[in-house]
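Everything on this sheet refers to the single structure shown next.
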Amino acid sequence: MLIAGSCHCGNITYTLDWSPDPTEIPARACTCTFCSKHGGVWTSYPAGSLKVKVKDVQLVSRYAFGTETADFYVCKQCGVAPLVTSLIDERLYAVVNVNTFENVDASLLRRSSSTLDGENTDDRLARRKRNWIADVTFV
9 MLIAGSCHCG NITYTLDWSP DPTEIPARAC TCTFCSKHGG VWTSYPAGSL KVKVKDVQLV
69 SRYAFGTETA DFYVCKQCGV APLVTSLIDE RLYAVVNVNT FENVDASLLR RSSSTLDGEN
129 TDDRLARRKR NWIADVTFV
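To convert, take the position in the sequence shown, counting from 1, and add 8; that gives the working numbering.
Rendered as structure tokens:
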């Protein structure tokens, strides 16, 4: 399955190659204050590949908070955060916001809550290396 997604205005777009086609897609609602306020519900497929395109980089804000080990890509024009990246050992990892999907049947989404409170930085980076998309390209 090739999943398309974007911010509301289309300045930040992506395609996630999720092959073979999923029978369900985990959708984790992070309970941190940033994700709660933005409605971030994240998914990743470690065996997949993500291609991201930004039409106007001047309209993108990269926001890092807390441990400053992840960058939220927020469109300055429409305010939507479609993806998060984390540079770990010189490799870029990412998750995407399922609320920005354009062509996925909502019945595929398996929604749950995710609380990362108390996770130390080393454990957080190790979890991302295991679970986040490891093939990320900006085109």
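Even glycine gets a Cβ: it sits at the ideal position worked out from N, Cα and C.
Since we're looking at a predicted model, the values are computed, not measured.
* Does the Cβ-Cβ distance between Val106 and Leu124 come in under 8 Å? -> Taking 8 Å as the Cβ cut-off, Val106 and Leu124 do not qualify as a contacting pair.
* Asked: Among residues of its own chain, excluding the 5 on either side of Lys61, which ones have a beta-carbon nearer than 8 Å to its beta-carbon?
  -> These residues qualify, in order along the chain: Ile20, Thr21, Tyr22, Phe146 and Val147.
Open item on the list: Rounded to the nearest angstrom, what separates Ala72 and Asn128 at their Cα positions?
Closed with: Taking the straight line joining both Cα atoms gives about 16 Å.
Handout entry: Start-to-end residues for the beta strand (DSSP E) that takes in Leu95
Key = Taken as a continuous stretch (DSSP letters only), the beta strand (DSSP E) holding Leu95 covers Leu91 to Ile96.
What does DSSP give as the partner residue(s) for Leu117 in the beta ladder?
Looking at the DSSP output, Leu117 shares a beta bridge with Ile33.
*Using the C-alpha atoms, what's the distance from Asp130 back to Gly47?*
Straight across, the Cα-Cα distance linking Gly47 with Asp130 is about 26 Å.
Open item on the list: If you measure between the beta carbons of Thr108 and Ala102, is that distance less than 8 Å?
Closed with: Against a cut-off of 8 Å, the Cβ pair of Ala102 and Thr108 comes out as no contact.
Helix, strand or coil, according to DSSP, for Phe42 in the structure here?
It is helical.
First through last residue of the beta strand (DSSP E) which encompasses Asp79: Counting along the chain, the beta strand (DSSP E) containing Asp79 begins and ends at Asp79 to Cys83.
Review point. Do Leu58 and Val144 have their C-beta atoms closer together than 8 Å?
Key: Cβ atoms of Leu58 and Val144: closer than 8 Å.
**OP:** Take Asp25 as the anchor and find which of Tyr81, Ser52 and Ala35 has the nearest alpha-carbon.
**Re:** When only C-alpha atoms are compared, the closest one is Ser52.
Which residues DSSP lists as bridging Thr108, in chain order = Thr108 is not bridged to any residue.
### Query
Cβ-heavy atom distance between Glu127 and the ligand ATP below 7 Å?
Annotation note on the ligand ATP: not contained in the displayed structure, which lists no ligands.
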